[in-house]
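Novice:
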Amino acid sequence: MRMSLMFAAVTLLTGINLLFIPFQPVPALWGGILAVAFILINVAADKLRLWSGVAWIIVAGIIITLMLKGKEPGDELRVLITVFAFLASAWYSVVQYRKEKKSIFAPDVPGRY
């Protein structure tokens, strides 16, 4: 299965989830800000030819730290994580689709996987 389709499915499911959780503007704003920061880190990593998984590790580290501190995910944290997941997955789905489209139409080059 293509990566872009998997991220599109995550985007769809988190979008549906956003419809059913109570909307809270401040955590939603923080989720949007974190998503923009995440996207900028990924864009910079891609331009510098670095491994873009660093941004994923940072996000996972923040979530794991919160879990280890015993913080129960209240409504605010759920809204923040869901907005972040929705925006980051939507962006990554488009990026992956463009990469897949480019690799399909690119001529075969020896050494390319």
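Here the numbering used here runs 56 ahead of the position in the sequence shown, where the first position is 1. Idealized CB from N, CA, C, for every residue including glycine. On a predicted model such as this, the values are computed, not experimentally measured, just so you know.
For Arg-190, which residues in the same chain have their Cβ closer than 7 Å to its Cβ, ignoring the five residues on either side in sequence?
Specialist: Given that the chain is displayed from residue 57 to residue 169, the structure contains no residue 190 and the question cannot be resolved.
Novice: Where does Ala-156 sit, in a helix, a strand or coil, going by DSSP?
Specialist: Here residue 156 is Glu; the residue named in the question, Ala, does not match the sequence. Helix, per DSSP.
Novice: Give every residue of the same chain whose Cβ lies closer than 7 Å to the Cβ of Tyr-153, excluding the five residues on either side of it in the sequence, and list them in chain order.
Specialist: So the list reads Ser-60, once near-sequence residues are dropped.
Novice: What are the start and end residues of the alpha helix (DSSP H) that includes Leu-61?
Specialist: Here the alpha helix (DSSP H) through Leu-61 covers 59 to 76.
Novice: Exposed or buried, Val-139, counting other C-beta atoms within 10 Å across all chains shown (16 or more means buried)?
Specialist: The residue is buried, with at least 16 neighbouring Cβ atoms inside 10 Å.
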